[in-house]
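Novice: Numbered according to the UniProt record's numbering, the sequence shown spans residues 1 to 452.
From the three backbone atoms N, C-alpha and C, an ideal C-beta is built for every residue, glycine too.
Let me give you the structure first, and then I'll get to my questions.
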Amino acid sequence: MRKYFGTDGIRGKANVFPMTASFALRLGQAAAQQFKNGKKTHRIVVGKDTRVSGYMFENALVAGICSMGVDAVQVGVIPTPAIAFITRSLRADAGVVISASHNPYYDNGIKFFSSEGLKLPDEVELAIEQKTDSMVHGGEVSISAENIGKAYRIDTAVGRYVEFVKSSLDKDLDLMGMKIVMDCAHGSAYRVAPMAMMELGANVTTIGVEPNGTNINDGVGSVHPEKSAELVKKQGADVGISFDGDADRVIFVDEKGEVVDGDIIMGICARQMKLEGRLSRDTLVATVMSNYGFEKSMNGIGINIERCAVGDRYVLAKMLEGGYNIGGEQSGHMIFSDYNTTGDGMISAIQLLKVMRRTGKPLSELKQFIELFPQVLINEKVEKKIPLDELTVTSALIKSVEEKLKGRGRVLVRYSGTENKIRVMTEGYDHDEITSMARDITDTIVKEIGKK
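Written out as structure tokens, the structure is:
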């Protein structure tokens with residue numbers, strides 16, 4: 001079982017183990033050792049978001065990588081999905097991103113991509129952990145001074161990624177005249193996202209493009225779409241687009257200022273793909289968190305839903321297993337595998353804008369075919385993660401709620417993969433009823449486990 005890697009890499013508070021400079025140094029050494037495959041030269045691409053701690057972790061990782069005889073290619077501040085693309089483009093052995101996604105600035109994280117631009121399978125992450133522990137406990141570095149790796153920066157990464165994103169818009173389309181409000185969360189998309197949209201012809205008004213190291217995700221970005229919603233209504237814009245700190249997720253706002261989440265974005269895009277004969281096996285992949293009403297709406301137009309665990313690595317695994325080409329999460333992580341190998345907020349944004357352009361319809365009209373059930377989601381910090389089946393009172397209550405909602409809703413209870421949090425979700429026709437159910441379950445769990 002992995003002890004450092006969670007559902008999306010290693011994550012925690014900066015300067016608190018495991019997110020310390022010394023651990024990052026050993027992790028860099030372990031990763032370099034893992035990805036060396038006998039070639040004459042080896043390269044690992046290193047990128048980051050705008051957190052103040054990113055510089056510290058970047059230097060530590062690069063030092064570890066180079067000490068093992070592997071070159072470190074530093075691309076600076078750039079979206080997480082851009083690292084997947086650049087790693088493939090440069091034929092590098094791996095890519096690593098320093099980011100904690102939508103978390104506050106005082107958190108940070110480290111996640112890896114394979115040479116194919118894919119998140120690492122559990123067994124590879126476990127192997128890296130074991131090598132890291134070996135380094136921490138006195139493992140020797142056997143690379144001679146003559147064979148130490150080089151660290152160098154490339155300045156073309158941002159431009160390459162912008163061109164890559166633009167190429168996902170059909171050649172006969174542009175965004176000329178489209179008014180877009182764009183919130184970049186003071187994160188890694190603050191340069192590339194406005195640049196790409198403006199080069200395609202859009203009139204872009206920006207929010208969250210002044211990172212200072214500590215303001216990433218602070219009241220802005222995909223977890224605060226109300227910021228772009230307010231400006232969309234004020235300016236009469238066509239659409240609002242909000243990215244998270246590392247731009248692997250995106251949330252939209254329609255021209256009326258109403259939030260459009262990942263489920264609806266996927267649904268609109270999948271319907272258009274089906275009409276154009278591009279939807280593989282007439283199926284899209286969604287997680288267990290996706291709304292039941294969304295599933296029924298998609299089934300109603302002949303599109304199947306395959307569900308998987310939460311996390312874009314599991315979405316991609318299900319897509320690869322079934323040969324599907326679209327999948328994602330309600331939170332705005334979406335994978336369009338015809339273009340990229342991981343969740344990509346900018347690619348996802350282009351795909352929805354493409355549908356708007358192709359149909360000539362506003363977003364508020366495009367989403368009307370999807371009818372969502374009322375949904376309540378409560379996130380609560382807990383002292384520790386005790387298996388739910390060991391919580392006897394909670395288990396009995398969940399079973400009782402499931403019986404009450406049978407055929408007209410559902411309940412889902414799970415722990416966060418990256419934090420000590422319990423997530424309780426209920427869906428059904430009656431909002432007051434499901435709110436009460438979610439609160440009862442959450443309170444019961446906290447009583448059994450203890451609140452952090």
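Is it buried or exposed for residue 105, if we count other Cβ within 10 angstroms and need 16 for buried?
Specialist: buried
Novice: Run through the segment 110-188 for me and flag every whole beta strand (DSSP E) of 3 or more residues, listed as ranges in chain order.
Specialist: Counting only runs of 3 or more, we get 151-153, 179-183.
Novice: Considering only C-alpha positions, which residue in the set 132, 216, 173, 241 is nearest to residue 181?
Specialist: 241
Novice: Relative to the alpha-carbon of residue 64, which residue among 300, 29, 189, 345 has its alpha-carbon at the smallest distance?
Specialist: The option with the nearest alpha carbon to residue 64 is 29.
Novice: Where does residue 383 land, buried or exposed, given buried means 16+ other C-beta within 10 angstroms?
Specialist: Classification of residue 383: exposed, given that the 10 Å Cβ count is below 16.
Novice: Just the C-alpha distance for residue 346 and residue 400, rounded to the nearest angstrom, thanks.
Specialist: 42 Å
Novice: I'd like to know whether the C-beta atoms of residue 57 and residue 21 end up nearer to each other than 8 Å.
Specialist: Going by C-beta atoms, residue 57 is nearer than 8 Å to residue 21.
Novice: Return the CA-CA distance between residue 178 and residue 163, expressed in angstroms with no decimal places.
Specialist: 19 Å
Novice: Can you check whether the CB of residue 344 is closer than 8 Å to the CB of residue 261?
Specialist: If you check the CB distance, residue 261 and residue 344 do not come in under 8 Å.
Novice: How is residue 271 classed by DSSP in three states: helix, strand or coil?
Specialist: helix
Novice: Nearest to residue 332 by alpha carbon, out of 254, 165, 390, 263?
Specialist: 263
Novice: Please report how far the alpha carbon of residue 122 lies from the alpha carbon of residue 2, in whole angstroms.
Specialist: 8 Å
Novice: Whole angstroms are fine: how far does the CA of residue 147 sit from the CA of residue 288?
Specialist: 48 Å
Novice: Considering only C-alpha positions, which residue in the set 4, 223, 73 is nearest to residue 111?
Specialist: 4
Novice: Taking 6 Å as the limit between beta carbons, can you name the residues of its chain near residue 175, skipping five residues before and five after?
Specialist: 200, 201, 202
Novice: For residue 125, is the classification buried or exposed, using 16 other Cβ atoms within 10 angstroms of its Cβ as the cut-off for buried?
Specialist: Residue burial annotation: residue 125 is buried, with at least 16 other C-beta atoms found within 10 angstroms of its C-beta.
Novice: Starting from residue 242 and walking both ways along the beta strand (DSSP E), at which residues does that stretch end?
Specialist: 239-243
Novice: For the segment 206-243, list the beta strand (DSSP E) runs that are entirely contained and at least 3 residues long, ordered along the chain.
Specialist: Complete beta strand (DSSP E) runs here, min 3: 239-243.
Novice: Out of curiosity, what's the CA-to-CA distance linking residue 447 and residue 103?
Specialist: Between the alpha carbons of residue 447 and residue 103 lies a distance of about 27 Å.
Novice: Below 8 Å on the Cβ atoms is my guess for residue 457 versus residue 69; work out the distance and round it to an integer in Å.
Specialist: Residue 457 is absent from the structure shown; the chain starts at 1 and stops at 452.
Novice: Grab me the residues of residue 223's own chain with a C-beta within less than 6 Å of its C-beta, minus the 5 sequence neighbours each way, in chain order.
Specialist: 102
Novice: Are there three or more Cβ pairs, one per stretch, closer than 8 Å when the segment 312-319 is compared with the segment 429-448?
Specialist: Here the segment 312-319 does not lie against the segment 429-448, with fewer than 3 beta-carbon pairs under 8 Å apart.
Novice: Can you name the start and end residues of the beta strand (DSSP E) that residue 252 belongs to?
Specialist: 250-253
Novice: Would residue 301 and residue 373 be called neighbours here (beta carbons separated by less than 8 Å)?
Specialist: no
Novice: Based on the DSSP output, what are the partners of residue 414 in its beta bridges?
Specialist: 423
Novice: Could you say which of 271, 376, 120 lies nearest to residue 358 if we only look at CA atoms?
Specialist: Comparing Cα-Cα distances from residue 358 to each of 271, 376, 120, the minimum goes to 271.
Novice: On a CA-only basis, which of 427, 428, 419, 445 is nearest residue 108? Give me that one, please.
Specialist: When each option's Cα is compared against that of residue 108, the closest is 419.
Novice: Tell whether a beta-carbon distance below 8 Å holds between residue 266 and residue 350.
Specialist: no
Novice: In its own chain, which residues sit with a C-beta less than 6 Å from the C-beta of residue 151, not counting the 5 before and 5 after it?
Specialist: Cβ neighbours of residue 151 beyond the five flanking positions: 62, 66, 72.
Novice: Evaluate residue 431 with the Cβ neighbour count: other Cβ atoms within 10 Å of its Cβ, from every protein chain shown; 16 or more gives buried, anything less gives exposed.
Specialist: Classification for residue 431: exposed.
Novice: Please state whether DSSP places residue 15 in a helix, a strand or coil.
Specialist: coil
Novice: Taking only the alpha-carbon atoms, compute the straight-line gap between residue 412 and residue 75 and give it to the nearest angstrom.
Specialist: 40 Å
Novice: Whose C-beta lies closer than 6 Å to the C-beta of residue 362 among residues of the same chain, with five residues either side of it excluded?
Specialist: In chain order, 255 place their CB closer than 6 Å to the CB of residue 362, counting only its own chain and leaving out the 5 sequence neighbours on each side.
Novice: If residue 216 sits next to residue 51, beta carbons under 8 Å apart, how far is it from one beta carbon to the other, in whole angstroms?
Specialist: That pair is a contact at about 6 Å.
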